Structures are given as structure tokens and as C-alpha cells.
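Q: Heads up: the sequence lines are chains A and B, in that order.
Numbered according to the numbering used here, the first sequence terminates at residue 390, and the numbering increases by one at each position without gaps.
Numbered according to the numbering used here, the second sequence terminates at residue 1052, and the numbering increases by one at each position without gaps.
Backbone N, C-alpha and C fix where the C-beta goes; we use that ideal spot for every residue, glycine too.
Given the structure is predicted, the values throughout are model-derived calculations rather than measurements.
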Amino acid sequence: MRSILFFVHKELLQIFRNKAMLPLLFVMPIIQLLILSHVATNEVKNLQLGVRDLSHGLLSQRLINKMTSTGYFVIPSDKPGSKLARAASLKNQREIDQALDADQVDLVMIIPEDFEQNLRMGGSTEIQLLVNAINSMKAGVATTYAGSIIADFQKELREDGIIPSKKEAIRLAMPQVEIRYSHWFNPELTYKTFMVPGILALLVSMLTLLLGAMNVVREREIGTIEQIEVSPVKTPVFILGKLLPLLLIGLAELSLGLFIAKVLFHTPMEGPLVVLYVFSALTIVALLSLGLLISNMSETQQQAMFIAWFFMIIFVLMSGLFTPIESMPPWAQKLTYINPIAQLVSIVRLNMLKGSSWAELWPHFRLMLSLDLLYGLFAMAMFKKRSN
Amino acid sequence: MFTNSIETRELTKKFGSFTAVNRISFEVKQSEVFGFLGANGAGKTTAMRMLTGLLLPSSGQARVAGFDVYTQPEQIKRSIGYMSQKFSLYQDLTPTENIQFFGGIYGLSYKEIRRQSKELIGKLGMEKIAKKRVGDLPLGWKQRLAFSLALLHKPKIVFLDEPTSGVDPLTRRAFWEYIHQEASEGTTIFITTHYMDEAEYCHRLSIMVAGRIEALGKPSELRKEFQTENMDQLFLKLSQKDLVRQNAARTN
Chain A
3 MRSILFFVHK
13 ELLQIFRNKA
23 MLPLLFVMPI
33 IQLLILSHVA
43 TNEVKNLQLG
53 VRDLSHGLLS
63 QRLINKMTST
73 GYFVIPSDKP
83 GSKLARAASL
93 KNQREIDQAL
103 DADQVDLVMI
113 IPEDFEQNLR
123 MGGSTEIQLL
133 VNAINSMKAG
143 VATTYAGSII
153 ADFQKELRED
163 GIIPSKKEAI
173 RLAMPQVEIR
183 YSHWFNPELT
193 YKTFMVPGIL
203 ALLVSMLTLL
213 LGAMNVVRER
223 EIGTIEQIEV
233 SPVKTPVFIL
243 GKLLPLLLIG
253 LAELSLGLFI
263 AKVLFHTPME
273 GPLVVLYVFS
283 ALTIVALLSL
293 GLLISNMSET
303 QQQAMFIAWF
313 FMIIFVLMSG
323 LFTPIESMPP
333 WAQKLTYINP
343 IAQLVSIVRL
353 NMLKGSSWAE
363 LWPHFRLMLS
373 LDLLYGLFAM
383 AMFKKRSN
Chain B
801 MFTNSIETRE
811 LTKKFGSFTA
821 VNRISFEVKQ
831 SEVFGFLGAN
841 GAGKTTAMRM
851 LTGLLLPSSG
861 QARVAGFDVY
871 TQPEQIKRSI
881 GYMSQKFSLY
891 QDLTPTENIQ
901 FFGGIYGLSY
911 KEIRRQSKEL
921 IGKLGMEKIA
931 KKRVGDLPLG
941 WKQRLAFSLA
951 LLHKPKIVFL
961 DEPTSGVDPL
971 TRRAFWEYIH
981 QEASEGTTIF
991 ITTHYMDEAE
1001 YCHRLSIMVA
1011 GRIEALGKPS
1021 ELRKEFQTEN
1031 MDQLFLKLSQ
1041 KDLVRQNAAR
1051 TN
């Protein structure tokens, strides 16, 4: 057991002597948090709006202005500075097709000739929206935004009395349900508040999985592993000796990330930090075990790197960081149970934003402990097998 | 009662249908410098892995430092030292840090490690470079340091796997002097080498060809037995015999 201390000491010496390591440990979290938290967002802005206005009226112009004034839509223009030019930007169907084909617009709004006339008469009218659905998520968001802006436009017209009062009377007579939202745990729905804790989890996970994967195989490449194998050191001592120093580094990385999140992003930290640390430690142990397992099955560092990336990509994309786990197919949702990164992402969010503590998170703790056991024993078994 | 450091009887290792080590039997006495020779792929490494407790034999018997290779690998590991051709030290650590680590995993006390490390650095004349990384040291220094580390826990037997490969002739000569020095103090040396001239430095030696021991004895006896002038010729003769046998097997 005492040998573990010598391993920890040796590993830490080696890690901090590695010139690439310190920048990696300190620069990586800052860059990742600073850049990713700004770009990793589901909020869609600056959608390119093409308009074919056949009505050429006041109301159609008002609708177009309303669309562009929200900031969600902009009208692309070949003449810079004439963004709010007369709205007949697309003259015919061919131009519409071209604009969509060339990816110049995300959305085309066609306002019919009798638009204003029909509205003023109190009749109904139709607006056609053509949506570029290459990116289905963006398309969905674009239609939702456009829909609610148009609904709002209608409401305004009624309030201004532009739509005849006969119609207004009917509207008032009808019971209306208006939905009011109250967003809990992230009242202003700021994406940064949501993303920073997730990215923090990702950061710690990526670092530890890679460090674990590169570790043993490096000793194999250099040949020092033979020297350990002929010594009386037992497998659990060896594995623990490798695991502990990397665990310490993972937790140091977490602390640095939390500090940046607090100082630069004012990310809320509602839950007890000790819960966050204990859960992170358990996750790191699972990832390190997996890393050591990969390392043990590889002949070269390059091989280990590729296998580690394979797992990393799957784990990260299925972690619920970018896309909600609830919208994955059921079999994929089940896979997140063995994905330590998915567990950590959700726990970090629950703990920091919602303030969840031991009691609420207990099922997650139980799951992560089983993952530790699963990956840890597997890593140990493979190491034994290899040395025989 | 064991007076021999190493004893094997019909020791065999098979990998599937391939017999890497074929019923080898030999003894190594205490304080002896025993050369374990053979071409690449003759089965030297496999035999050595069995003797160091890393690999279980398929059949036959072997005792190392009085311990059975099947049932007592842990005791064997505690009683032996090992140095490979790669001089497997941590290149990014200093000599002192290497001594500390290897001393630590063999269970030496902190006091003992400090004492040994001071003594070793002094003995090797490494005071000036004790704070340098091993990776920056010349090969000869690395080799001596690796050898000293293999002896750190005072093993009864040291296994040296091609410890002189890639080292210049002068350093090689010096290294053999350390080996004999160590043997005269009671340590048994089990050494493999590629250099046939080095075979002459061994008290006794064996030559493996295709998994078998084809020659075993003192260098002078072997020269007489096979009627050759030097070890080089002896080695060639044995290899040719093997080639003839292989060809015969193929034509049959």
C-alpha cells in the first residue's frame, strides 16, 4: 500500500515536468469556457429573410419592419446600407428559387396581392413561408419565431383598430387562453448559464479520459512497464497509483473551471459544492478506468489516442450537452446510463442551477458507483490478463 | 535444500502449436555469471519471462532462488533484480528520483532510500548530474544507473537482458567489470547477449537454438567439445546444424 505513494509522487513529477502539460491544464479550460460558452447555443439569430411583397401596401411594409426589428431576421441586401430597402427584394419565383438554392436566405415570406385589402375588410388572408430546412433545428426555430411575430402583428392591428370592430367584437366574445411562462432555475433563459456548467463537465471529462488513455501505453512504449512487471508491485497498487494522481489533476481542473465560471460568467452555484466534487471524483474514476483500459489494450500512444477519441466523440455527442437526452430514441437514452460524461453533465447542471443535493441525486450516485466498479474491475482484469 | 540459484527441468513453453522453449534443463550456481545465448527468436526471452515470474510454463519445472515458478512468483519477484536492453529508467526523472521510486516500490524505508541514493550517486560519480534528467545522460551512464537500480533491493539473482546492446566497446568492457565485481560479492548473474566475444566473460553459458539448449558448459569446454577457436565459430556451427535440420524436415 505504501508503494502507492511512490507511484503518486512519480506520476505527478512526470506530469508537471511535461512541457505541454501545464499550458494544457491551464489554457485549455479558459479557452474552452470562453469560446464554447458563446458559440454553443441553441438560440438562433440573424436569420436571412427573403421577401416577396406583392401587396406593396402599408401593412405589408409594417409586417416586414416588424420582422426585422426583432433582431431574429435580417433581409440580405446586395447593396450594403440599404437593409431596410423597399421590400420587393425578390421579384419573381425564379429569384426565390435561386436565393434558396444558393443558401442566401433561410426563410422566404410571400405576401399576397390582396393582403391589405382582405385584412381591412375583415376577411382572412394567407402568408406563405418557404423555409430552408437543411438544418432542421434552425428551420424549426425560424418558423416558430415567424409564427409568433405574425400573431403579434395581428394582435397589434386589432388593438389599433385596423381590423374592423365587427371582427374585434367576435374576438372579445371568444374565450381566450393566453399562456404566461415562468422559467425556473434559469429565469432569463440565458444560454450561458445553461452551457457553462455543461462545458465544465466536458472539460474535466475529456482531460481525464485522455490522460488515462495515454498513460500506461506510454510506459509500454518506453519500456518502463517491464521494470514494474518484474517488481513485486501488485496490479491494484499499480492501477491506483496511476489513478490517484490523475484524479487530483482532474479535480484541480474542475476547481479552475468553477473559478472561471464564477468570476467571468457569474454562473449560479446553488447546490453544495461538496456534492459536485464528490460526484465529479466518481465520474473521473470511471473515465480514468476506461482510459487505462484503452491504454492497456493499445500498443502505441497513437492507437490509444484514436480509441480514446472514438469513445470521446460518442460520449460527448450523447451527453445531452448540445441536444437534450429526452429527444433521443429510447435505445440511445438507455446508453446514457453507461456514459459517465452524460451523467456528469446532468449532475453539474442540476447541482449548480437547481441546487440539487445528496437526496435528489442519490440514484445518480448509485449509478456512477456501479460504473466505477464496472470499468475499474474491467481495467484491472485486462491488465492481469495482459501481464500473463 | 537448494544450493543452486536457478534450476530448470524440462522447462517448456508452447504458444498454440509453436514450441518456443523446448524442454530445457540447466542449473546456475550462486555467485556464478551465467551467459544465456541464442539467436533472435531462439526462445531466450520466453525462457527469461518464465524465470522472472512473468509467464507460466506449459510444462516442466523451475525454481528461482529456491521458489517455484508456478506457485511462488511473488517471492521470486522479491528475490530478483532485472535490467533490460532498454535501460528502463524514467527518462523524464532525475537519477535520484528514479532511485527513490524503484526503492519505494521494492519496499525500502525512506531512510534506507536516502542512504542508498547518496551512496549510489557517490559510487557512480554522479554528484554533478544527479539533478539532470536521465534522458539527457550518455548511454554508458544510463546503463550503469539501470544496473545499480536492479541491485537496489539486494536481490539474490540479477537478470540482465542484453544489457550491453548499443553501447561502445570500452563501456561494454567496463560494464563486465561491474558484473564480475557484483558476482564476487555473492550475487548470481543471469545475462543474455548478442555479442559472442562477451561469452568469454561468462563462467558458464548455454546456447539456445530453436527452443532447445544445444550447448552448455564453460567457454573453454565448449570450444574443445565443438572444436572451434572462438565462440563466434561455435555459434555459427550450431546455427548451420539447425539450418540443415530444418531443410531436412522440409524435404521430408
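Please state whether DSSP places glutamate 927 (chain B) in a helix, a strand or coil.
A: Helix, per DSSP.
Q: Are at least three pairs of beta-carbons, each pair with one atom in the segment 904-914 of chain B and one in the segment 928-943 of chain B, less than 8 angstroms apart?
A: As far as the Cβ criterion goes, the segment 904-914 of chain B does not touch the segment 928-943 of chain B, which means the pair count is below three.
Q: Going by the CB atoms, is the gap between alanine 203 (chain A) and leucine 363 (chain A) shorter than 9 angstroms?
A: no
Q: List the DSSP bridge partners of glutamate 228 (chain A).
A: In the DSSP output, where bridge partners are listed per residue, glutamate 228 (chain A) has none listed.
Q: Quick one: residues in its chain with C-beta nearer than 6 angstroms to the C-beta of histidine 1003 (chain B), no 5 flanking neighbours on either side, listed in chain order?
A: Glu832, Val833
Q: To which residues does DSSP link alanine 1015 (chain B) through a beta bridge?
A: B:Ile1007
Q: Could you pull out every residue in the same chain whose Cβ sits closer than 7 angstroms to the Cβ of leucine 920 (chain B), ignoring the five residues on either side in sequence?
A: Ile899, Ser948
Q: Note the first and the last residue of the continuous alpha helix (DSSP H) segment covering arginine 54 (chain A).
A: Per DSSP, arginine 54 (chain A) belongs to no alpha helix (DSSP H); it is in the beta strand (DSSP E), 49-55.
Q: Tell me whether arginine 1050 (chain B) is buried or exposed, calling it buried when 16 or more other Cβ atoms sit within 10 Å of its Cβ.
A: By the 10 Å Cβ count, arginine 1050 (chain B) comes out exposed.
Q: Given a limit of 7 angstroms on CB to CB distance, which residues of the segment 911-941 of chain B reach chain A?
A: Residues passing the 7 angstroms Cβ filter: none.
Q: Quick one: Cα of leucine 352 (chain A) to Cα of leucine 319 (chain A), how far?
A: In this structure, the alpha-carbon of leucine 352 (chain A) lies about 19 angstroms from that of leucine 319 (chain A).
Q: Applying the 10 Å Cβ sphere with the 16-neighbour rule, what's the burial state of histidine 366 (chain A)?
A: buried
Q: Just to check my reading of the structure: proline 342 (chain A) and alanine 288 (chain A) have Cβ atoms closer than 8 angstroms, yes? What is that Cβ distance to the nearest angstrom?
A: 4 angstroms
Q: Beta-carbon within less than 8 angstroms of threonine 894 (chain B)'s beta-carbon, same chain only, minus the 5 sequence neighbours each way: which residues are those?
A: Ala930, Lys931, Lys932, Arg933, Val934
Q: For a contact meaning CB atoms closer than 9 angstroms, what does serine 5 (chain A) contact in chain B?
A: Gly904, Ile905, Tyr906, Gly907
Q: I need the straight-line Cα distance from methionine 370 (chain A) to leucine 294 (chain A), nearest angstrom please.
A: 18 angstroms
Q: Listing by chain order, which chain A residues have their CB less than 9 angstroms from the CB of leucine 893 (chain B)?
A: Lys12, Leu15, Gln16, Arg19
Q: Cα separation between serine 84 (chain A) and alanine 215 (chain A)?
A: Note that serine 84 (chain A) scores a pLDDT of 45, beneath 50, so its modelled location is shaky and nothing firm can be said.
Q: Taking all protein chains shown into account, decide if arginine 972 (chain B) is buried (16 or more other Cβ within 10 angstroms of its Cβ) or exposed.
A: Under this definition arginine 972 (chain B) is a buried residue.
Q: Would you list the one or two residues that DSSP bridges to valine 318 (chain A)?
A: Answer is none; valine 318 (chain A) lacks a bridge partner.
Q: Would the beta-carbon of methionine 996 (chain B) fall within 9 angstroms of that of alanine 950 (chain B)?
A: no
Q: Under 9 angstroms Cβ-Cβ, which residues of chain B neighbour threonine 226 (chain A)?
A: Lys886, Ser888, Leu889, Tyr890, Gln891
Q: If we count the other Cβ atoms within 10 Å of its Cβ and call it buried at 16 or more, is alanine 148 (chain A) buried or exposed?
A: buried
Q: Go ahead and label glutamine 229 (chain A) buried or exposed: buried means 16 or more other beta carbons lie within 10 angstroms of its beta carbon, across all protein chains shown.
A: buried
Q: Counting pairs of Cβ atoms below 8 angstroms between the segment 845-855 of chain B and the segment 1019-1033 of chain B, do you hit three or more?
A: no
Q: DSSP puts aspartate 116 (chain A) in a beta bridge; with which residues?
A: Bridge partners of aspartate 116 (chain A): none, in fact.
Q: Which residues in chain A sit within 8 angstroms of threonine 852 (chain B), going by Cβ to Cβ distance?
A: Val232
Q: Considering only their Cβ atoms, is the gap separating glycine 273 (chain A) from methionine 354 (chain A) smaller than 9 angstroms?
A: The beta carbons of methionine 354 (chain A) and glycine 273 (chain A) sit closer together than 9 angstroms.
Q: Thinking C-alpha only, which one of B:Phe867, B:Lys844, B:Lys813 is nearest glutamate 807 (chain B)?
A: For the residues B:Phe867, B:Lys844, B:Lys813, the minimum Cα distance to glutamate 807 (chain B) belongs to B:Phe867.
Q: For the ligand ATP, is there a heavy atom less than 8 angstroms away from the beta-carbon of phenylalanine 8 (chain A)?
A: The ligand content of the structure shown is nil, which means the ligand ATP is not present either.
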